[in-house]
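Here is the structure we will look at.
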Amino acid sequence: MSDDTALWAALADHRRRAIVALLLERPRTVGELVEACGLSQPGTSKHLRVLREAGLVRVRQDAQRRVYALDPAPIAALDAWLAPYRALWNESLDALGRRLDESPADAAGGPSDRPEEPFPPGRRRPDGEATRTGAPVPGAPTPKPPSSKE
């Protein structure tokens, strides 16, 4: 299994992601992780082994205790892999923000360049289609589903 695949596989389990989130705060012993996650000690150790083998955590011996800490290098590699996707979302959200900033009157409830819906929400248009809420109006005609031919 490649390093990237091992990282993603390790993070695929929600319990391991919870352990990573706890280790993000500070290094912890197995006992602390057992208590915080509500898992059994063997179960927690199994998840820690997967995280360790994926390179996400380091372990050090402290007398009788094993202390686990997050290794930032693999997290940085995942962050670098996600960067183009983050940029894509940021561009889209920035464009949305600019569009919203262009029509302050609309945001304030004033007149806008957007045409008003001639039918109140929940009412049907003359073609039988529901308006924004999609809720049918009692007594309004309902379009018939297409008939299936066998």
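Per our numbering: the sequence shown = residues 123 to 272. C-beta atoms are modelled at their ideal positions from N, C-alpha and C, and glycine is treated no differently. No experiment lies behind these values; they were computed from the predicted model shown.
When the Cα atoms are used, A199 and L173 turn out to be separated by approximately 15 Å. When the beta-carbon positions are compared, P149 and G177 stay at least 7 Å from each other.
The three-state reading of DSSP puts Q183 in strand, counting E and B together.
Rounded to whole angstroms, L170 and L222 show a C-alpha spacing of 46 Å.
Under the 8 Å Cβ criterion, the stretch 206-222 does not count as touching the stretch 176-190, having fewer than three qualifying pairs. Inter-residue distance for L145 and S162 is about 18 Å (C-alpha atoms, whole angstroms).
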